[in-house]
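Undergrad: If you scroll down you'll find the structure; I have some questions about it.
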Amino acid sequence: MAPYFAVRITAGQEKSTALLIHTRCISRSLPIKAIIAPDEVKGLFFIESPSSHLVERAIAGMKHVKGWVPGKVASSEIESFLIPRSPLEDLNVGDVVEIISGPFRGMKGKVTRIDHTKEEVTLELLEAAYTLPITVHGDSIKKVTG
């Protein structure tokens, strides 16, 4: 496995810059193995390459690139971005959550049931006049209190 190198870029331009660098690597036949632009990290992405001079050749003169961080990034640090994380990992029955998308956006509810296979949560809305259970996807909520 080749080492990883971190490249600093303009925040919000990670995906487009990674695609441009990928195209450059193909056209110049640079042996870059992977370009990783995780959503969790803003202003950085990672390039898997046999040596740092290949990274320099790949990013030289590229728009939105501010430079690269000297030194190698440990593969154990990169692996945390590659393993998908369930949005329901830290959620328990009884937690208060806020709905962040959909028709009930902005409302708060109490978790009554969690379906890990479908990644869905059943909530009782706290702001409703009567008990109103709704089922929403795990990506549509964020935890407020435990």
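The numbering of the sequence shown is UniProt numbering, which starts it at 1 and goes up by one.
For every residue, glycine included, the Cβ atom is placed at its ideal position computed from N, Cα and C.
The structure displayed is predicted, hence computed values, not measured ones.
(1) Report, in whole angstroms, the separation of the C-beta atoms of I78 and I21, which I expect to be a contact under 8 Å.
(2) With H, G and I counted as helix, E and B as strand and the rest as coil, what does DSSP make of T17?
(3) Pick helix, strand or coil for R113, following the three-state DSSP scheme.
(4) If you run the structure through DSSP and keep just helix, strand and coil, what is H137?
(5) Going by the CB atoms, is the gap between K108 and V96 shorter than 8 Å?
(6) Check the Cβ-Cβ distances between E127 and every residue of chain C, and say whether any is below 8 Å.
(7) Within the continuous beta strand (DSSP E) that includes L123, where are the two ends?
(8) Please check the pair Y4 and V73, which I expect to be a contact at CB under 8 Å, by giving their CB distance rounded to whole angstroms.
TA: With the given structure in hand:
(1) By one-based count along the sequence shown, residue 78 stands at place 78. By one-based count along the sequence shown, residue 21 stands at place 21. Contact doesn't hold; Cβ gap of about 17 Å is too wide.
(2) In the sequence shown, residue 17 corresponds to position 17, counting from 1. T17 falls in the helix class under three-state DSSP.
(3) Here residue 113 is taken as the residue at index 113 of the sequence shown, counted from 1. Three-state DSSP puts R113 in a strand.
(4) Taking the first residue of the sequence shown as 1, we reach residue 137 at position 137. In the structure shown, H137 sits in a strand (DSSP, three-state: E or B).
(5) Residue mapping note: residue 96 aligns to position 96 of the sequence shown, counting from 1. Residue mapping note: residue 108 aligns to position 108 of the sequence shown, counting from 1. The answer is yes: Cβ separation under 8 Å.
(6) In the structure shown, chain C does not exist; there is a single protein chain.
(7) Residue 123 sits at position 123 when you count from the first residue of the sequence shown. 120–125 is the span of the beta strand (DSSP E), which, as asked, contains L123.
(8) Sequence index remark: in the sequence shown, residue 4 carries index 4 (1-based). Sequence index remark: in the sequence shown, residue 73 carries index 73 (1-based). Correct: roughly 4 Å between the Cβ atoms.
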